[in-house]
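Below is one structure, written out as structure tokens; comments come after it.
Numbering (my numbering), first residue to last: 0 to 363.
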């Protein structure tokens with residue numbers, strides 16, 4: 000492999016999707032990565048994407064793309080039910096793989112994919128891209144440095160609009176077995192960065208619920224819903240702090256994401272009007288009695304992506320590309336990797352277990 004990492008993206012549509020919004024703007028601004036190949040479900044859209052993004056190769060068969068000798072890193076950015084087959088193809092081809100969160104539609108799939116990655120000895124990365132956010136990296140540093148003193152309590156909320164319906168092309172999300180809902184996706188992203196910053200839970204009690212049992216599909220029809228839309232968790236962290244979180248998809252006018260940390264010496268607060276992984280997080284803090292919260296500076300050393308990468312959604316993704324790029328070049332483990340993904344899948348399973356059984360559970 001050359002110093003430039005050659006990337007093939009599955010799901011690189013030129014008209015819509017997360018790749019268009021985040022992955023491709025990130026990659027095109029990073030000179031040490033090359034967009035070598037694009038893959039979509041049909042030859043004509045693959046050709047459009049090749050021309051639009053200036054890629055060298057176009058595929059409509061993801062296995063063929065994964066096996067091409069000019070691809071070093073396979074990126075999977077499609078709907079959750081397809082992750083398992085596409086990640087498997089990349090790993091079987093001996094390629095490094097960057098997969099969007101969640102890794103699989105369930106924990107069993109995530110464990111199998113992680114085991115295969117270990118067998119192949121490749122680098123992996125899971126798309127928990129809030130871990131690349133400079134403001135959130137600084138929040139984690141400040142907690143570790145003792146900015147708040149002894150942590151006593153912390154909380155997080157994320158309320159996102161869109162509960163009343165999905166288009167007919169996304170009605171499949173109503174079935175929780177497909178792995179794309181407020182527990183698997185929104186809670187996975189939000190609770191991962193929460194725990195990454197303040198520490199892991201030692202015990203917890205959770206409520207996972209379906210508050211709206213039917214969606215409109217926009218074509219005059221409705222679909223029954225088994226996918227959860229509200230997730231609430233409260234408990235104790237390993238460091239002894241009291242912690243709570245509420246992640247929900249609500250009908251209209253969501254307030255976005257917010258996190259607060261309180262300790263014996265100070266307070267930290269962070270917020271975004273969007274999902275936390277999209278970027279644009281603002282960080283505030285104060286120490287001592289009677290001090291108002293003030294904006295906190297985020298050191299430039301935490302911004303690893305080149306200046307050519309756009310702000311917003313592409314930026315945190317670019318930060319993750321930097322993480323896996325460094326790991327591929329020096330043989331280290333990238334973080335967050337597939338092992339991290341399995342741990343988060345299992346954590347979400349524990350929330351469901353606590354909710355189903357109506358009891359407090361130990362974590363670990």
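Don't be surprised by glycine CBs; every beta carbon is placed ideally from N, CA and C.
Skipping 5 residues on each side, what residues in its chain have a beta carbon closer than 8 Å to that of residue i?
i           : result
residue 109 : 101, 102, 103, 337, 340, 341, 344
residue 293 : 283, 284, 285
residue 173 : 165, 214, 222, 223, 224, 225, 226
residue 325 : 331, 333
residue 268 : 257, 258, 259, 260, 282, 283, 284, 292
Just to confirm the assignment, what range does the alpha helix (DSSP H) spanning residue i have?
i           : result
residue 340 : 337 to 356
residue 107 : 106 to 119
residue 208 : No alpha helix (DSSP H) contains residue 208, which is instead part of the beta strand (DSSP E) from 200 to 208.
residue 189 : 186 to 197
residue 63  : 61 to 65
residue 90  : 82 to 91
Taking the continuous beta strand (DSSP E) assigned at residue i, which residues delimit it?
i           : result
residue 277 : Premise fails: residue 277 is in no beta strand (DSSP E) and is neither H nor E.
residue 146 : No beta strand (DSSP E) contains residue 146, which DSSP labels as neither H nor E.
residue 160 : 150 to 160
residue 315 : Not the beta strand (DSSP E): residue 315 falls in the alpha helix (DSSP H), residues 312 to 329.
residue 72  : 72 to 75
residue 27  : Taken as a continuous stretch (DSSP letters only), residue 27 belongs to no beta strand (DSSP E), being part of the alpha helix (DSSP H) at 23 to 27.
residue 261 : 255 to 262
residue 43  : Where residue 43 is concerned, there is no enclosing beta strand (DSSP E), although the alpha helix (DSSP H) it sits in stretches over 42 to 52.
residue 333 : Careful: residue 333 lies outside any beta strand (DSSP E) and carries neither H nor E.
residue 37  : 32 to 38
residue 214 : 213 to 215
residue 169 : Run containing residue 169: none; DSSP gives neither H nor E here.
residue 248 : 241 to 249
Quick one: what's got a C-beta closer than 7 Å to residue i's C-beta in the same chain, skipping five residues either side?
i           : result
residue 253 : 158, 159, 160
residue 212 : 223, 224
residue 360 : 202, 203, 349, 352, 353
So residue i and residue j are supposed to be a Cβ contact under 8 Å. How far apart are they, rounded?
i           : j           : result
residue 98  : residue 86  : 5 Å
residue 308 : residue 25  : 6 Å
residue 265 : residue 142 : About 10 Å separates the two Cβ atoms, so there is no contact after all.
residue 207 : residue 351 : 5 Å
residue 235 : residue 149 : At roughly 14 Å, the Cβ-Cβ gap does not stay under 8 Å, so residue 235 and residue 149 are not in contact.
residue 80  : residue 12  : Not a contact, Cβ separation roughly 17 Å.
residue 17  : residue 76  : 5 Å
residue 133 : residue 27  : Contact doesn't hold; Cβ gap of about 20 Å is too wide.
residue 54  : residue 313 : Contact doesn't hold; Cβ gap of about 17 Å is too wide.
residue 323 : residue 115 : About 17 Å; that fails the 8 Å criterion.
residue 30  : residue 305 : 7 Å
residue 384 : residue 32  : The structure shown does not extend to residue 384, since the chain is modelled only from 0 through 363, so no value can be given for it.
Enumerate in chain order the residues of its own chain whose CB-to-CB distance from residue i is below 6 Å, with the five nearest sequence positions on each side excluded.
i           : result
residue 0   : Low confidence applies here, because residue 0 scores a pLDDT of 48, under 50, leaving its location unreliable; read the following figure in that light. Taken in chain order, the residues that qualify are 71.
residue 185 : 246
residue 261 : 151, 152
residue 431 : An answer regarding residue 431 cannot be provided, because it is not within the stretch 0 to 363 covered by the chain.
residue 73  : 7, 65, 89, 94, 96
Going by other Cβ atoms of all chains shown within 10 Å of its Cβ, with 16 needed for buried, is residue i buried or exposed?
i           : result
residue 163 : exposed
residue 348 : exposed
residue 220 : exposed
residue 335 : buried
residue 278 : buried
residue 373 : No information on residue 373 is available, as it lies outside the stretch 0 to 363 that the chain covers here.
residue 357 : exposed
residue 65  : buried
residue 60  : exposed
residue 191 : buried
residue 346 : buried
residue 126 : buried
residue 272 : exposed
residue 320 : buried
residue 290 : exposed
residue 15  : exposed
residue 45  : buried
Would you say residue i touches the ligand SAH, meaning its beta carbon is less than 7 Å from a heavy atom?
i           : result
residue 354 : This structure simply doesn't include the ligand SAH, nor any ligand for that matter.
Does the count of Cβ pairs from the segment 37 to 53 and the segment 119 to 126 closer than 8 Å reach three?
no
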